[in-house]
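Novice: Dropping a structure here in structure tokens format, bear with me for questions.
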Amino acid sequence: MKSTVYQFLKERCDMAKPLLIGLSGGPDSLALLYTLMEIKDLLPIKLGIAHVDHSWRECSAEEATKLELLAHKLSLPFHLKVLNPKILTGNLEEACRLERLAFFRELSTENGYQAVLLGHHADDQTETVLKKIFEGSELPFLQGMHQETYINGVKIWRPLLNLRKFEMVRYLQNRSLIPFEDKTNEDPQFLRARFRKTILPLLSNHFGKEIFNCLNRIGRDSAELTLYLDEQIKTYIDHIVFSPFGISIDLSQKRPTSAFEFRHLLRRFCDIKNISFSRALLDKLVELLESGVANKEIRTKDTSMQIDRHRLFLIHNSIPVMEKELEIVPGIFIYGGWTLEIRAVTYSKELPTTDWTSAWKGEVQVVLPEGKYRLLPPKANYLYKGSGELGKWWNNAKVPAFLRNFLPVVSNGTDIVHEFLTGRRKDFIQPGTKAISISFHYK
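Reading the sequence shown from the start, the letters are residues 93 to 535 in my numbering.
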């Protein structure tokens, strides 16, 4: 154990920054604490102790006091948080987990702890993998815990993750150290207790052999599969567009060839916004994106999605809708949620073309010949100068339907002379000509 923890910290630890250990007083965290104390002569690590009193048991307050005395004996800072389970809502175990993470995050921010050390071990890993199998997790997500990870903004290190529970128990026995006995670990109302005391032993007994190694191998294989799939979809992830209105991915030119890889891409895409979709919804999205269907909207309680010609838009901010007219005069205005800047300029060179893809990123511009113009709310039946109805013009340019009220159109009082979504111009200006610059910016 000592060599395992020593090597783990030697490879990762910045000795100038302290570490925080989450100490419950049970065998796992207690063995980790004393191991850390033993290697302090080899590595000049700085430690702090964090303990959360869940108030589940009558003796929990007394245990917190004992741990505080232990911290004082070891000359280590001690941080305590006491929970009131009566005011926690939902699943009690999950609510307490989130409270612990929030406490660790607060301590890390206030005290500069570089990571939180937890005593999870290989037996915990087995329970995690089996729980995910029973929950129907997809193959890439059957993996258990990681030795290094971030959870809710907290850096977590698990140096004991490859060691068995009995190794921690033996370590403590050899040093005559007595851990706390948490009765909730035996209480069948808690899922982790049922796994540990009933489900895993029952499966091993009826299967006829120990399933520990089999489940841990499944977890490791799942982790390898995840790394492989992440590498396969990297080229798509690298081209995700981040917008003031959401995120989008364009799969019109290339997309995954298997539904398995496609679902993984969509899960990673949604992970960016911390949104989870059911398997049924993922399958539906794959079907729609494969088909090339246009103008399809899907709403969930967490988000709104638009599918348009092999493109997926995940929307988290309301899409602006133009409702008012505005005379174009020099100045800076807030118009339909956009910042609009209008300037009188002398045209010097052709500007880069902007279209709906630029607008999705929050920037569009155009320079028009000097004249009197108004901005109008867009309507599909407006006649676009020399080109028929705007709706057909946008259809031909494959402008996503949900963006067609996104920006106004420009009128000279007689005709619609410019729209911002196709990137196609009606008027060309000679250098040196007096002109009007119109630009929209959305934060």
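Here a beta-carbon is modelled for each residue, glycine too, at the ideal position from N, C-alpha and C.
Do you know whose CA, among F334, R435 and L321, lies nearest S529's CA?
Specialist: The candidate whose alpha carbon is nearest that of S529 is R435.
Novice: Tell me whether the beta-carbon of G338 lies closer than 8 angstroms to the beta-carbon of D447.
Specialist: No. Outside cutoff.
Novice: Which first and last residues belong to the alpha helix (DSSP H) in which G423 is found?
Specialist: Per DSSP, G423 belongs to no alpha helix (DSSP H); it is in the beta strand (DSSP E), G423 to Y427.
Novice: Can you list, in chain order, the residues of its chain with a C-beta nearer than 7 angstroms to that of P461? Leave out the 5 residues immediately preceding and following it.
Specialist: Hits under 7 angstroms: D519, I521, T525 and A527.
Novice: Which same chain residues, not among the five before or five after I325, have their C-beta less than 8 angstroms away from its C-beta?
Specialist: Closer than 8 angstroms at the Cβ level, and outside the excluded window around I325, lie P348, E353, H356, L357 and R360.
Novice: Could you tell me which residues DSSP puts in a beta bridge with E481?
Specialist: Answer is L475.
Novice: Using CA atoms only, rank isn't needed, just tell me which of L495, V459 and F532 is closest to E389.
Specialist: Closest option to E389, Cα to Cα, is L495.
Novice: If you scan the stretch 287-369 from start to end, which runs of the alpha helix (DSSP H) of 4 or more residues do you find wholly inside it?
Specialist: Correct list: 292-299, 304-324, 326-329 and 351-363.
Novice: Between T127, G118, K102 and L115, which has its C-alpha nearest M93's C-alpha?
Specialist: The candidate whose alpha carbon is nearest that of M93 is T127.
Novice: Short check: CB of V221 to CB of L234, under 8 angstroms?
Specialist: The answer is yes: Cβ separation under 8 angstroms.
Novice: Are R466 and I424 close, meaning C-beta to C-beta below 8 angstroms?
Specialist: No, the pair does not count as a contact, with Cβ atoms beyond the cut-off.
Novice: Going by DSSP in three states, P177 sits in which element: helix, strand or coil?
Specialist: Of the three classes helix, strand and coil, the one that applies to P177 here is helix, per DSSP.
Novice: Grab me the residues of A156's own chain with a C-beta within less than 7 angstroms of its C-beta, minus the 5 sequence neighbours each way, in chain order.
Specialist: Here the set comprises H143, D145 and L172.
Novice: If you drop the 5 nearest sequence neighbours on each side, which residues of the same chain put their C-beta closer than 7 angstroms to that of D106?
Specialist: Closer than 7 angstroms at the Cβ level, and outside the excluded window around D106, lie Q206.
Novice: Does DSSP put L134 in a helix, in a strand, or in coil?
Specialist: In this structure, L134 counts as coil in the three-state DSSP scheme.
Novice: Which residues does DSSP list as the beta-bridge partners of P461?
Specialist: Paired residues: A527.
Novice: Where do the N-terminal and C-terminal ends of the beta strand (DSSP E) with V437 fall, by residue?
Specialist: Where V437 is concerned, the enclosing beta strand (DSSP E) stretches over W430 to T438.
Novice: Touch check for the stretch 378-385 and the stretch 396-412: three-plus C-beta pairs under 8 angstroms?
Specialist: The stretch 378-385 vs the stretch 396-412: in contact.
Novice: Can L482 and F532 be called in contact, C-beta distance under 8 angstroms?
Specialist: Cβ atoms of L482 and F532: not closer than 8 angstroms.
Novice: Does DSSP classify D274 as helix, strand or coil?
Specialist: Coil at D274, not helix or strand.
Novice: Whose CA, out of T318, G463 and F369, lies closest to the CA of H238?
Specialist: Taking only the C-alpha atoms, the option nearest H238 is T318.
Novice: Could you pull the start and end residues of the beta strand (DSSP E) that S383 belongs to?
Specialist: That residue, S383, is in no beta strand (DSSP E); its alpha helix (DSSP H) goes R371 to S383.
Novice: Reducing DSSP to helix, strand and coil, say where L190 ends up.
Specialist: Helix at L190.
Novice: Could you give the first and the last residue of the continuous beta strand (DSSP E) run that contains M397?
Specialist: Per DSSP, M397 belongs to the beta strand (DSSP E) from S396 to D400.
Novice: Report the rounded CA-to-CA distance for R286 versus E202, giving the unit in angstroms.
Specialist: Each residue's Cα considered, the two are about 37 angstroms apart.
Novice: Of the residues H510, K490 and D313, which one's Cα is nearest the Cα of Y476?
Specialist: With distances taken between Cα atoms, Y476 lies closest to H510.
Novice: Run through DSSP, which three-state label would V208 get?
Specialist: V208 falls in the strand class under three-state DSSP.
Novice: Shortest alpha-carbon distance to L168 belongs to which of I341, H331, K138 and T241?
Specialist: Minimum Cα distance to L168 is reached at K138.
Novice: Drop a sphere of 10 angstroms on the beta-carbon of L161, count the other beta-carbons inside from all chains shown, and report buried for 16 or more, exposed for fewer.
Specialist: With fewer than 16 other Cβ atoms within 10 Å, it is exposed.
Novice: Can you have a look at K365 and say buried or exposed, based on whether 16 or more other CB atoms are within 10 angstroms of its CB?
Specialist: It counts as exposed.
Novice: Taking 8 angstroms as the cut-off, decide whether the C-beta atoms of G211 and L124 are in contact.
Specialist: Closer than 8 angstroms, so yes.
Novice: Beta-carbon separation of L468 and E433 under 8 angstroms?
Specialist: Cβ distance not < 8 angstroms, so L468 and E433 don't count as in contact.
Novice: Taking just the CA atoms, how far does L134 sit from S396?
Specialist: For S396 and L134, the distance between alpha carbons rounds to 54 angstroms.
Novice: Do the stretch 266-276 and the stretch 146-153 meet, that is, are 3 or more Cβ pairs less than 8 angstroms apart?
Specialist: Yes, since at least three Cβ pairs between the stretch 266-276 and the stretch 146-153 fall closer than 8 angstroms, the two stretches touch.
Novice: Among residues of its own chain, excluding the 5 on either side of L269, which ones have a beta-carbon nearer than 7 angstroms to its beta-carbon?
Specialist: Cβ within range, chain order: L122 and Y126.
Novice: Distance, Cα to Cα, G228 vs G140?
Specialist: Their Cα atoms are separated by approximately 38 angstroms.
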